[in-house]
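> Take the first sequence: its letters are residues 146 to 664, numbered as in my numbering.
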Amino acid sequence: MIVRTRFAPSPTGYLHIGGVRTALFCWLFARRNGGQFVLRIDDTDQQRNVEAALKPILEGLRWLGIDWDEGPEVGGKFEPYYQSQRADRHRAAAARLVAAGQAYRDYAKTEEVQAEREAAEKAKQQFVYSRRWMAETPEDCARFESEGRQAVVRLKMPREGKLVIPDLIRGDVEFDWAREQDHVVQRADGSCLYHLASVVDDHDMEISHVIRAEEHLSNTPRQIFIAQGLGYELPQYAHLPFVAEPGSKVKLSKRKLDKYLKNKDFAQLVQHGQKIAEAVGLTVDMDTFNPVIVDFYEQVGYLPGAIVNYLALLGWSLDDKTEHFGIPQLVEAFSLERVNKAPASFDPKKLMAFQERHMLEVPAEEKVGLVLPYLEKAGLVPRGDETATIKVRRIVEAAGDRIKVAGDILDYADFFKPDNELSYDEKAFEKRIRKAEDAADLLKKLREVLAGAEAFDAASLDRLVHGFVEAEGINIGQIIHAIRVAATGKAVGFGMFDTLAILGKESCLARIDRALAMV
RNA sequence: GGCCCCGUCGUCUAGCCAGGUCAGGACACAGGCCUUUCAAGCCUGCAGCACGGGUUCAAAUCCCGUCGGGGUCACCA
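1. Which residues in the same chain as residue 539 place their Cβ atom closer than 6 Å to its Cβ, once the five residues preceding and following it in sequence are excluded?
2. Jot down the residue ranges of each uninterrupted alpha helix (DSSP H) in the segment 167 to 254, minimum 4 residues, whole runs only, in chain order.
3. Reducing DSSP to helix, strand and coil, say where residue 500 ends up.
4. Going by DSSP, which residues form a beta bridge with residue 279?
5. Kindly identify the DSSP beta-bridge partner or partners of residue 358.
6. Quick check on the DSSP output: the alpha helix (DSSP H) that includes residue 587 runs from which residue to which?
7. Look up residue 554 in the DSSP assignment and say whether it is helix, strand or coil.
8. Give me the Cα-Cα distance between residue 386 and residue 225, rounded to the nearest whole angstrom.
9. Restricting to runs no shorter than 3 residues, where is the beta strand (DSSP E) found entirely within the segment 258 to 302?
10. Using only CA atoms, which one of 312, 369, 406 and 556 lies nearest to residue 383?
11. Pick out whichever of 550, 375 and 464 has its Cα sitting closest to the Cα of residue 246.
12. Identify every run of the beta strand (DSSP E) within the segment 381 to 445, keeping only runs that are complete inside it and at least 3 residues long; order them along the chain.
13. Contact between the segment 277 to 287 and the segment 313 to 323: three or more CB pairs below 8 Å?
14. Could you check whether the Cβ of residue 199 sits closer than 7 Å to any heavy atom belonging to the ligand FAD?
15. Residues in its own chain within less than 8 Å of residue 431 by CB, not counting five upstream and five downstream?
16. Could you give the uninterrupted runs of the alpha helix (DSSP H) lying entirely in the segment 626 to 662, keeping only those of 4 residues or more?
17. Check whether the segment 255 to 264 touches the segment 211 to 231, taking contact to mean three or more Cβ pairs, one atom from each stretch, closer than 8 Å.
18. Report the CB separation of residue 150 from residue 371 in whole angstroms; it is logged as a contact under 8 Å.
19. Just checking my contact of residue 564 with residue 422 at CB under 8 Å: how many whole Å lie between their CB atoms?
20. Counting Cβ pairs, one atom from each stretch, are 3 or more of them under 8 Å apart for the segment 359 to 368 and the segment 158 to 165?
21. By a C-beta neighbour count over all protein chains shown, 10 Å radius and 16 as the cutoff for buried, is residue 494 buried or exposed?
22. Quick check on the burial criterion: 16 or more other C-beta atoms within 10 angstroms. Buried or exposed for residue 93?
23. Report the CB separation of residue 411 from residue 436 in whole angstroms; it is logged as a contact under 8 Å.
24. With DSSP as the reference, label residue 316 as helix, strand or coil.
25. To which residues of the same chain is residue 609 closer than 8 Å at the C-beta, ignoring the five residues directly before and after it?
26. Please classify residue 307: does DSSP put it in a helix, a strand, or coil?
27. What are the partner residues of residue 461, as DSSP defines its beta bridges?
28. Beta-carbon separation of residue 522 and residue 439 under 8 Å?
29. DSSP state of residue 155, grouped into three classes?
30. I need the straight-line Cα distance from residue 633 to residue 529, nearest angstrom please.
31. Residues bridged to residue 604 by DSSP?
32. Using a Cβ-Cβ cut-off of 7 Å (strictly less than) and excluding sequence neighbours within five positions of residue 335, which residues of its own chain qualify?
33. What's the gap between the Cα of residue 345 and the Cα of residue 298?
34. Whole angstroms are fine: how far does the CA of residue 154 sit from the CA of residue 457?
35. Could you give the DSSP three-state label for residue 538: helix, strand or coil?
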């Protein structure tokens with residue numbers, strides 16, 4: 146049997162991190178087993194601008210490297226891949242269900258069923274639809290229609306017996322048919338509901354494994370009933386635990402950002418992203434710029450491989466030690482048997498740890514490519530400027546692992562600012578230059594030493610400054626902090642000699658002069 | 001509330017099916033080392049089998065119950 150899995154998002158305009166995890170597991174399973182991964186769009190007739198709402202979803206998946214063998218933009222032998230365009234097949238299936246006696250035309254009004262439901266609730270009894278407006282013969286139909294009623298199609302669900310769903314992750318899950326309702330599968334206007342459509346499409350597209358989030362487990366009995374009524378062979382089911390809120394077991398939701406912001410780590414993740422986004426002129430609309438949505442990570446400069454690695458480990462593990470995976474290794478190692486049952490909460494800190502780990506493996510040259518767009522968008526570097534690229538390369542190398550996400554390059558924005566526009570951190574200036582003993586005098590002397598320097602590379606500067614320190618009989622700490630603040634305006638940064646070398650003699654002197662003038 | 005799912009350090013997890021080495025790893029946290037700051041790195045530490053009964057020589061592991069958390073109960077997807 147050929148393994149075929151599918152991810153079926155509805156075009157909401159954004160890609161939810163939990164959705165990605167589901168897509169990833171579907172994709173990994175298909176890839177691992179030499180099968181196919183299908184992307185189907187579960188849109189509805191009501192939805193407008195499907196194309197626009199779909200775009201971020203497709204882009205997000207592609208960015209992460211989750212490619213689909215069939216679906217939007219790539220086509221496939223089971224076209225169309227938009228549920229709304231398959232309505233005819235859904236209607237035909239509904240009709241077959243009715244013809245087979247597995248479903249019936251029901252002329253009840255919504256309020257009438259609702260009244261029955263409420264009555265049962267009031268009596269603290271399980272609601273069972275009376276089927277009072279069920280029409281099983283043409284005569285019934287005619288009679289109800291003469292009353293001006295319209296029919297929906299309801300499933301004629303069994304009212305006794307048990308159903309066992311074999312779930313690849315949860316084992317056998319047992320349900321009582323009697324707990325199920327006569328669910329509506331087709332509206333009076335002929336349009337069909339999700340559960341019917343989904344079952345029909347999965348069958349038509351020859352989906353072998355339905356891998357989806359746990360919230361669908363409770364819906365599975367009715368889907369099985371539909372599939373059996375239609376004479377389909379059942380797919381294998383696997384219900385994934387969902388991705389939960391930080392520090393909780395509640396399903397992660399895009400809408401509860403305010404709540405998550407109270408979580409220290411989550412807030413930090415957002416702030417870090419915001420700082421970068423603002424510097425490059427992105428609108429930080431919380432509706433889209435939100436760590437629950439995948440776009441966030443792309444915009445801030447995370448590595449797709451790091452996101453995938455982290456997400457894969459959220460609910461799946463290979464063994465007791467392996468955590469670092471590239472995508473090919475994940476494909477190689479993935480199995481549904483090792484998927485956890487319990488929900489896993491989203492941990493911003495751990496995500497960042499994976500990001501750092503993956504960033505370590507990016508060669509400097511490649512990193513320059515990742516980082517450059519941020520400097521360009523922030524207006525610090527002109528597009529396609531060769532000289533600037535060389536400088537960026539030197540900064541990237543000197544900064545090393547300090548650049549955790551591509552946008553972190555903006556921490557070094559001061560390297561690109563004109564010397565007279567450099568702003569000084571007031572606290573650092575106070576502590577390291579104004580208050581530090583002899584700092585200003587030493588700085589003045591060192592300035593002259595630097596001015597006379599013949600070579601301005603890091604190694605030469607290292608020798609030069611150490612020579613100066615020795616001659617003055619001081620500790621290097623007594624001068625180096627002062628130079629740092631004078632040259633960069635900040636108290637922290639990467640290696641001092643690298644910093645001076647990258648800045649160049651002219652800038653260094655200009656900045657020191659400026660600092661001295663401010664004492 | 002009914003039904004279903006789940007329950008190992010703060011978090012992600014290994015171990016459970018085939019009971020038996022101080023319950024292992026990672027992130028985070030704390031302390032230390034290194035060091036011109038920061039970051040990284042290295043070392044050390046802190047911290048968990050939800051609870052209660054069984055079964056057994058022996059239970060995180062098997063059985064029963066309790067509690068807790070979550071999901072789902074639409075003419076939404």
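Ideal placement from N, C-alpha and C gives every residue a C-beta, glycine not left out.
Judging by the given coordinates:
1. 647
2. 195 to 209 and 232 to 244
3. helix
4. 251
5. DSSP lists 385 as partners of residue 358.
6. 584 to 596
7. helix
8. 30 Å
9. 297 to 300
10. Nearest option by C-alpha distance: 312.
11. The shortest CA-to-CA distance from residue 246 to any of 550, 375 and 464 is the one to 375.
12. 381 to 385
13. no
14. Absence of the ligand FAD is noted for the structure shown, with no ligands found whatsoever.
15. 402
16. 641 to 648
17. No, the segment 255 to 264 is not in contact with the segment 211 to 231.
18. Under the criterion of beta carbons closer than 8 Å, residue 150 and residue 371 do not qualify as touching, at roughly 20 Å.
19. About 28 Å separates the two Cβ atoms, so there is no contact after all.
20. no
21. exposed
22. Residue 93 is absent from the model: the chain starts at 146 and stops at 664.
23. 7 Å
24. strand
25. Excluding sequence neighbours, residue 609 sits near 594, 595 and 598.
26. strand
27. 484
28. no
29. coil
30. 25 Å
31. Answer is none; residue 604 lacks a bridge partner.
32. 236
33. 16 Å
34. 19 Å
35. helix
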